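>
Structure below.
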């Protein structure tokens, strides 16, 4: 039983350290980007501001779709 407890604690600590590291990496600043969509002469304008993430950049994909 002692071996199981020690192994479980080590696994928990490794997962916690990896999780914390990935969280800090995902929260880091991304590169600034700017683009224009649609007709520039249109009377309707919108400004989209987001913080890109380093993984799938889901924010950009969603905003480009709705833009």
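Numbering (my numbering), first residue to last: 5 to 71.
All residues carry an ideal CB built from backbone N, CA and C; glycine is no exception.
For clarity, every value in this text was computed on a predicted model and none was experimentally measured.
Starting from residue 63 and walking both ways along the alpha helix (DSSP H), at which residues does that stretch end?
Numbered from its first residue, the chain shown carries residue 63 at position 59. Looking at the DSSP string, the run of the alpha helix (DSSP H) that includes residue 63 is 62-70.
> Using the C-alpha atoms, what's the distance from residue 67 back to residue 90?
Because the chain in this structure spans residues 5 to 71, residue 90 falls outside the shown range and cannot be described.
> Is residue 21 helix, strand or coil by DSSP?
As a position in the chain shown, residue 21 is number 17, starting the count at 1. Helix at residue 21.
> If you reduce the DSSP assignment to three classes, tell me which class residue 51 lands in.
If you number the chain shown from 1, residue 51 lands on position 47. Residue state, collapsed to three classes: coil.
> CA-CA distance, residue 43 and residue 28?
Locating residue 43 in the chain shown gives position 39, where the first residue counts as 1. Locating residue 28 in the chain shown gives position 24, where the first residue counts as 1. Between residue 43 and residue 28, the C-alpha separation is close to 38 Å.
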